[in-house]
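J.: Numbering (UniProt numbering), first residue to last: 1 to 297. Don't be surprised by glycine CBs; every beta carbon is placed ideally from N, CA and C. The model shown is predicted, which means the values in this text are computed figures rather than measured ones.
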């Protein structure tokens with residue numbers, strides 16, 4: 001009887017996963033057609049498209065939680081390292097280098113351009129640091145919920161919120177690049193979407209492993225990327241208002257992403273003692289994003 005019940009449950013979860021994939025595919029097609037009908041300024045539309053691709057990557061990553069109970073820790077750490085490598089390469093080749101070039105195009109000397117980008121990087125990192133402190137200081141009672149529901153430890157919610165919060169600078173990066181009409185915008189969006197896939201899976205698996213239903217964990221994991229198109233459009237609109245905001249916006253996004261990688265992603269990938277696999281994943285992600293940026297940019 002137990003085996004039959006397990007088989008039925010597995011079959012149901014497989015159908016959920018297949019249905020979710022079809023739903024995401026249909027949603028992507030509807031969004032693509034809907035965006036074509038919107039009368040948006042081309043750069044704003046490009047930012048919305050890039051942010052939507054990133055959100056779709058997160059949602060796709062959350063789908064496997066419907067059919068698997070847990071992911072091997074070694075694979076999780078490797079994927080986290082891979083995401084860190086992608087974000088580091090995106091920060092360097094899609095944000096900092098183009099930001100310096102954009103600052104120099106405004107008439108700044110190499111010293112002045114580097115100084116402006118350095119200021120923006122520090123400001124972006126400090127701003128996200130303040131956000132991280134605010135999230136870390138949240139009330140445990142607010143994060144856990146009521147006793148009649150499965151209790152999710154506060155540290156689990158904080159980890160999830162940290163990942164969602166670092167989706168904000170990713171959306172900023174896509175929006176600033178698209179709003180500035182930069183050729184790297186498309187490769188940057190593709191690279192961020194690629195590293196968002198394991199993020200969506202990690203969020204969903206962490207919540208499911210803490211006792212949340214797999215369907216609800218999938219929904220939260222899939223929805224965690226929705227902040228990216230919102231901030232992509234917002235930053236593209238801001239950059240379109242003034243040309244001088246382009247290098248500063250790129251630097252702010254770069255600083256925020258650097259803090260996320262060094263403060264959250266890399267330490268988490270090494271927390272379980274799989275430093276070598278995490279480092280290998282980081283190098284692989286870095287090289288892949290570098291190639292993508294060179295080929296697609």
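By Cβ distance, which residues of its chain are closer than 7 Å to residue 84, with the 5 residues on each side in sequence left out?
T.: Counted from its first residue, the chain shown places residue 84 at position 84. Excluding positions up to five away in sequence, the list reads 261, 265, 266, 269, 282, 285.
J.: So what's residue 167 in DSSP terms, helix, strand or just coil?
T.: Residue mapping note: residue 167 aligns to position 167 of the chain shown, counting from 1. Helix, per DSSP.
J.: Which residues in the same chain as residue 280 place their Cβ atom closer than 8 Å to its Cβ, once the five residues preceding and following it in sequence are excluded?
T.: By one-based count along the chain shown, residue 280 stands at place 280. So the list reads 78, 81, once near-sequence residues are dropped.
J.: What would DSSP say about residue 307, mapped onto helix, strand or coil?
T.: The structure shown does not extend to residue 307, since the chain spans only 1 to 297, so no value can be given for it.
J.: In angstroms with no decimal places, state the Cα-to-Cα distance between residue 258 and residue 94.
T.: Numbered from 1 along the chain shown, position 258 holds the residue referred to as residue 258. Numbered from 1 along the chain shown, position 94 holds the residue referred to as residue 94. Cα to Cα, the separation comes out at about 13 Å.
J.: Tell me the residue span of the alpha helix (DSSP H) that contains residue 183.
T.: Along the chain shown, one-based indexing puts residue 183 at 183. Residue 183 -> no alpha helix (DSSP H), and no H or E assigned at all.
J.: Taking all protein chains shown into account, do 16 or more other C-beta atoms lie within 10 angstroms of the C-beta of residue 76, making it buried, or fewer, making it exposed?
T.: If you number the chain shown from 1, residue 76 lands on position 76. Under this definition residue 76 is a buried residue.
J.: Using CA coordinates, which residue listed in 129, 249, 167 is at the minimum distance from residue 57?
T.: In the chain shown, counting from the first residue as 1, residue 57 sits at position 57. Residue 57 has its Cα closest to that of 167, out of 129, 249, 167.
J.: Taking residue 105 as part of the alpha helix (DSSP H), name the residues at either end of that continuous run.
T.: In the chain shown, the residue the question calls residue 105 occupies position 105. Segment 97-105, the alpha helix (DSSP H) holding residue 105.
J.: Sorted by chain position, which residues of the same chain lie with C-beta nearer than 8 Å to residue 122's C-beta, five sequence neighbours on each side aside?
T.: Along the chain shown, one-based indexing puts residue 122 at 122. Correct list, in chain order: 255.
J.: DSSP on residue 108, reduced to helix/strand/coil?
T.: The residue you call residue 108 lines up with position 108 of the chain shown. Looking at residue 108 - three-state DSSP - the assignment turns out to be coil, as it is neither helix nor strand.
J.: Around the C-beta of residue 41, are 16 or more other C-beta atoms found within 10 angstroms, so that it is buried, or is it exposed?
T.: Translated into positions along the chain shown, residue 41 becomes position 41. Exposed.
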